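Enquirer: Numbering-wise (this note's numbering), the sequence shown opens with residue 24 and increments by one. Heads up, the beta-carbon is just placed ideally off N, CA and C, and yes, glycines get one too. Model, not experiment: these values are computed from the prediction.
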Amino acid sequence: MPTVLRWGPYRAFFYSNEGSEPAHVHVRRGDMEAKFWLHDLSVAVNAGFPSHEIGGIIRHLRSHRDELLGAWNEHFGN
24 MPTVLRWGPY
34 RAFFYSNEGS
44 EPAHVHVRRG
54 DMEAKFWLHD
64 LSVAVNAGFP
74 SHEIGGIIRH
84 LRSHRDELLG
94 AWNEHFGN
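(1) Between Glu56 and His47, is the Cβ-Cβ spacing less than 8 Å?
(2) Just to confirm the assignment: which complete beta strand (DSSP E) runs, minimum length 3, are found wholly within the segment 25-73?
(3) For the alpha helix (DSSP H) containing Asn96, name the first residue and the last one.
(4) Assuming the contact rule is C-beta atoms closer than 8 Å, Trp60 and Ala67 should be a hit. Round their C-beta distance to whole Å, please.
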């Protein structure tokens, strides 16, 4: 479960067994977690984050999208 980005209380990471899925990142804060597709930064799954917080997370991920895609490709060998 490599962490690829940290900011404030958030941690963005991959699950190593999900390389067969399209590129995505999980973001966790406390006991909340959400999964975001990297091609369009849409929410695939949200477990606990309020909608106003999701918007802020997406804005942050958008500013680091190239870095996240690079980390995905390096980790999964794409």
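Expert: Straight from the coordinates:
(1) Within the sequence shown, residue 56 is the residue found at index 33, counting from 1. Within the sequence shown, residue 47 is the residue found at index 24, counting from 1. Their beta carbons are not under 8 Å apart, which means Glu56 does not touch His47 by this criterion.
(2) For the beta strand (DSSP E) assignment, the uninterrupted runs of no fewer than 3 residues enclosed by the segment 25-73 are, from N- to C-terminal side, 26-30, 33-36, 47-52, 55-60 and 66-70.
(3) Sequence index remark: in the sequence shown, residue 96 carries index 73 (1-based). Counting along the chain, the alpha helix (DSSP H) containing Asn96 begins and ends at Arg88 to Phe99.
(4) Against the sequence shown, residue 60 aligns to sequence position 37. Against the sequence shown, residue 67 aligns to sequence position 44. Cβ-Cβ separation between Trp60 and Ala67: approximately 6 Å, consistent with a contact (criterion under 8 Å).
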